[in-house]
Amino acid sequence: MPDLNFQVEGVEPQKFAAEPLLLFKLRVSEALNNGLAPTPVHTVALRCQVRIEPGRRTYQAAERERLLGLFGAPERWGQTLKPMLWSHVCVVVPSFEGEVVVDLPIPCSFDFSLAATRYFSALDGGDLPLGFLFSGTIFFATEEGDLQVRPIAWDKEASFRLPASTWRELMDVFHPNTAWLSIRRDVFDRLDRYKTEQGMPTWERALERLLATAEEGATP
Numbered sequence: 082m083p084d085l086n087f088q089v090e091g092v093e094p095q096k097f098a099a100e101p102l103l104l105f106k107l108r109v110s111e112a113l114n115n116g117l118a119p120t121p122v123h124t125v126a127l128r129c130q131v132r133i134e135p136g137r138r139t140y141q142a143a144e145r146e147r148l149l150g151l152f153g154a155p156e157r158w159g160q161t162l163k164p165m166l167w168s169h170v171c172v173v174v175p176s177f178e179g180e181v182v183v184d185l186p187i188p189c190s191f192d193f194s195l196a197a198t199r200y201f202s203a204l205d206g207g208d209l210p211l212g213f214l215f216s217g218t219i220f221f222a223t224e225e226g227d228l229q230v231r232p233i234a235w236d237k238e239a240s241f242r243l244p245a246s247t248w249r250e251l252m253d254v255f256h257p258n259t260a261w262l263s264i265r266r267d268v269f270d271r272l273d274r275y276k277t278e279q280g281m282p283t284w285e286r287a288l289e290r291l292l293a294t295a296e297e298g299a300t301p
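With our numbering applied, the sequence shown covers 82 to 301.
Rendered as structure tokens:
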């Protein structure tokens, strides 16, 4: 039975995609001992859980302030800085002997109601620490040529540090100088009515007018 190891070697944006998509370069290799010949692997039905591991990096003062809404006050981060699920990915690994490199596609959202988007956008630089947890099924041939099916060992994992600049540059391509904000439908209806009644040509103008009014009212 082949013992497969997994290593994330790099990442690049998917060119000409309909939505923001990162392709993680995943090396799948068989652990071989004592000079044994590699097992002919027909295919692997691979499942991967991708987690953000915020406790594996440090944060600047401005970043800590932006992360208050996610993790609370920094003095509580020992309890709140826990891994967060980012994505589930399923890929079919083609036939190989020894090792193969495949793309692991992960879509990226710019919806600020999602914890992953809020976390990524809060970082000025450095890396985004990620953890990859693998499961799935291996289809391989025995020495006699018989097809065998075995599960991937439950403890197979990999780590990778995604450059924050890679995520930010991808978002700038699809959403240049913009941000998404998800609000309740009744609040949107009120904002839309205000925009129409005030003759505002854009949502930005309506929000700027409301913010200016609120700031004037808060001035002592």
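We put the beta carbon where it would ideally sit given N, CA and C, even for glycine.
In this model, A287 and P101 are separated by some 28 Å (Cα to Cα). When the Cα atoms are used, D253 and F97 turn out to be separated by approximately 14 Å.
Annotation: the continuous alpha helix (DSSP H) that includes F152 extends over L149 to F152. One Cα belongs to Y200, the other to L148, and the distance between them is close to 7 Å. Nearest Cα to V182 within the set Q88, L292 and E278: Q88. Counting C-beta pairs closer than 8 Å gives fewer than three between the stretch 228-246 and the stretch 266-274, which falls short of the contact rule.
Residue environment for W167: buried (at least 16 other C-beta atoms within 10 angstroms of its C-beta). The Cβ atoms of D84 and A112 lie closer than 8 Å to each other. Between E144 and L204, the C-beta gap is smaller than 8 Å, which places the two residues in contact.
Of the residues Y140, P164 and M165, the one whose Cα lies closest to the Cα of A154 is Y140. Apart from sequence neighbours up to five positions away, the residues of its chain that approach S110 with a beta-carbon distance below 6 Å are N86 and E180, ordered along the chain. Within the stretch 147-196, the complete alpha helix (DSSP H) segments of 4 residues or longer fall at 149-152 and 158-161, listed in chain order. For G217, the three-state secondary structure derived from DSSP is strand. Spanning the alpha carbons of A142 and R128 requires a straight line of approximately 37 Å. Around the beta carbon of I233, 16 or more other beta carbons lie within 10 angstroms, which makes this residue buried. A straight-line Cα-Cα distance of about 43 Å links S202 and P121.
Linking E178 to F213 through their CA atoms gives a straight-line distance of about 23 Å.
With a cutoff of 8 Å on beta-carbon distance, K237 and F255 are scored as not near each other. Residue environment: W248 is assigned as buried (16 or more neighbouring CB atoms within 10 Å of its CB, all protein chains considered).
In this structure, L185 and V172 form a Cβ contact; the two beta carbons are roughly 6 Å apart against a cut-off of 8 Å. The C-alpha of L209 lies about 8 Å from the C-alpha of P135.
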